[in-house]
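Each residue of the sequence shown is one higher than the one before, counting from 1 in UniProt numbering. Think of the CB as a built atom: it goes at the ideal place given N, C-alpha and C, for glycine as much as any other residue. None of the values given here were measured: they were computed from a predicted structure.
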Amino acid sequence: MYDVIVVGAGPAGSMAAKKAADAGCKVLLVEKMQLPREKSCSGILIKKSINSVQKEFGKIPHNLPCKTKNKGIIITNEKNKQFKFESEGLNVWRSSFDQWLSSVAEESGVEVRQSTSAISYEEKENHVVVKLQCNGTYYEKAKVLIACDGATSKIKRSLRKDQTNQILTYQTFCRGTIDLDGSFFYAFLDPKFSQYDAWFNVKDDFLVFGVGVKEAALIKDYHSRFLSFLASEFNAKIQSSVRGEIGILPYIMNGYNTDLGEGRVLFAGEAANFLNPMGEGISSALITGAMAAESAVSLFEDNLNIHNLVDLYKNRVADEKEYMIRQWKFLTNLSSRFSYLNSD
Ligand SMILES: Cc1cc2nc3c(=O)[nH]c(=O)nc-3n(C[C@H](O)[C@H](O)[C@H](O)COP(=O)(O)OP(=O)(O)OC[C@H]3O[C@@H](n4cnc5c(N)ncnc54)[C@H](O)[C@@H]3O)c2cc1C
């Protein structure tokens, strides 16, 4: 019997697993992929992310960040008005960043099982039974399950049958030139280029062009319209397109509805719908992963009834949720496309 099983070795999962192990828990972290694994992401670590990482995982190894630093974001709204926000950040490849996080968690005593998928779980009176798959299926037990398995969380789907609201992203990594400052992340909100936002940034030697859509069939049309716009407005010249990648984000535009879990199961990171409106989610993944683990630990230490678990977590994440709501309201002031409706 584990104290805690954590599903998913992204930032939320490695943080949750490490925090629980540091507090003396017996922790299993399962990751469906072999690490290092690709994760579609711009890989920008804002100051909030850097602070969380350095506090819990130590100094980020000097060879981990890309050559390109991030100096902030420039948002162009649907009326072609530009807003520039300066803030120093880092840029990482998620494959090596996430592998480093999980290796530090492992050094702290977490048992890490790669190539192992969590399929479903069943809650019993005193524990949860998690069905795992790796060359066949088997079961493990824990007092608490923390689902950090991202936007497509299988654990969440096994609890909430109707969650399908997602944004599909497509970004291409190209060689070429453009008359934009590669140290900024550019977001374009004109609905001609995306059904959410379109973006440009530089990562090592690549120009990265991305779009987010609700309708998968339209993704390449939006992407090529965006490239044509950048060619005419910013002199983008693409010599070669090296690769393209698809990603998924939770779609939380109309209101900000987090889902923290139920019973012995907590959701953290994107599985809980924590995401900044411009698609920045690593900082919240780290913070909510830590808070999910702290909630489980305080439940054990204070010998509390399991019915308190979600409330303990809800209280801990209240500030983070407020922060996200402020971010959404702020974006509404910049663009009428992002209408903030209500919060749960
Ligand atoms: C195109 C794009 C660009 C982005 N750019 C940025 C950015 O620049 N900065 C930023 O802060 N955020 C960015 N984000 C958002 C960021 O990637 C996420 O918010 C963040 O990764 C969420 O972390 P997480 O730990 O919750 O989930 P994830 O990072 O998605 O990790 C989930 C992990 O769970 C594993 N997993 C999934 N299912 C199972 C299962 N059944 N069993 C076991 N393991 C499982 C996955 O393999 C994965 O390793 C971007 C997202 C996209 C799509």
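Would you grab the beta carbon distance between residue i and residue j for me? Rounded to a whole angstrom, and I think it's under 8 Å.
i, j, result
"Ser108", "Ala21", "5 Å"
"Val6", "Cys174", "In fact, because the Cβ distance is near 36 Å, the residues do not count as touching under 8 Å."
"Ala105", "Gly289", "Not quite, the Cβ-Cβ distance comes to about 10 Å (not below 8 Å), so this is no contact."
"Ser52", "Ile287", "6 Å"
"Leu45", "Leu90", "4 Å"
"Leu207", "Ile178", "6 Å"
"Phe234", "Leu189", "Rounded, the Cβ-Cβ distance is 16 Å, inconsistent with contact."
"Cys66", "Asp204", "5 Å"
"Gln239", "Asn276", "Not a contact, Cβ separation roughly 33 Å."
"Ser183", "Lys69", "6 Å"
"Ala16", "Ala272", "Wrong, their Cβ atoms sit about 11 Å apart, outside the cutoff."
"Ile248", "Ala187", "The Cβ separation is near 18 Å, so there is no contact."
Would you report the Cα separation of residue i and residue j, rounded to the nearest angstrom?
i, j, result
"Asp3", "Val297", "9 Å"
"Val128", "Ile75", "45 Å"
"Ser243", "Asp319", "Correcting the residue identity first, residue 243 is Arg in this sequence and not Ser. Their backbone Cα atoms lie some 39 Å apart in a straight line."
"Phe57", "Ser228", "42 Å"
"Ile306", "Ala23", "18 Å"
"Gly72", "Ala217", "32 Å"
"Cys41", "Met291", "23 Å"
"Ser343", "Asp311", "Because Ser343 carries a pLDDT of 42, less than 50, the predicted location of this residue cannot be relied on, and the following value inherits that uncertainty. The alpha-carbon atoms of Ser343 and Asp311 are separated by roughly 17 Å."
"Ser158", "Val130", "11 Å"
"Leu230", "Asn126", "57 Å"
"Gln82", "Met278", "15 Å"
"Tyr323", "Gly136", "42 Å"
"Gln114", "Lys59", "25 Å"
"Arg316", "Ser295", "8 Å"
"Met1", "Glu140", "7 Å"
"Ile50", "Glu122", "36 Å"
"Asn165", "Lys214", "9 Å"
"Glu78", "Ile252", "19 Å"
"Lys124", "Val144", "11 Å"
"Asp132", "Ala236", "As written in the sequence, residue 132 is Leu, which differs from the Asp given in the question. So the two alpha carbons sit approximately 47 Å from each other."
"Arg225", "Phe209", "11 Å"
"Ser241", "Lys19", "41 Å"
"Ser120", "Glu111", "20 Å"
"Asn303", "Ala293", "15 Å"
Within 10 Å of its beta-carbon, does residue i have 16 or more other beta-carbons around it, so buried, or fewer, so exposed?
i, result
"Ile146", "buried"
"Arg94", "buried"
"Ser14", "buried"
"Thr258", "buried"
"Phe338", "buried"
"Lys32", "buried"
"Pro250", "buried"
"Cys25", "buried"
"Tyr138", "exposed"
"Leu331", "buried"
"Gln54", "exposed"
"Gln34", "exposed"
"Lys161", "exposed"
"Asp98", "buried"
"His223", "buried"
"Glu280", "buried"
"Asn80", "exposed"
"Asp335", "In the sequence as displayed, the identity of residue 335 is Ser instead of Asp. Looking at its Cβ environment, which holds 16 or more other Cβ atoms inside 10 Å, Ser335 is buried."
"Asn201", "buried"
"Ser283", "buried"
Taking the alpha carbon of residue i as the point to measure from, which residue in the options has its own alpha carbon closest?
i, options, result
"Ser87", "Val110, Lys47, Pro65 and Gln195", "Lys47"
"Lys156", "Leu266, Gln133 and Val112", "Leu266"
"Val211", "Asp181, Pro36 and Phe193", "Phe193"
"Lys321", "Ser158, Ala285 and Leu309", "Ala285"
"Tyr170", "Glu215, Lys154 and Ile219", "Ile219"
"Ile167", "Pro61, Ser283, Gln34 and Glu270", "Glu270"
"Arg264", "Leu309, Ala236 and Glu301", "Leu309"
"Ser117", "Phe274, Lys154 and Lys124", "Lys154"
Should residue i be counted as a contact of ligand 3 given a C-beta to heavy atom distance under 7 Å?
i, result
"Ser87", "Among the ligands present in this structure, namely ligand 1, ligand 3 is not found."
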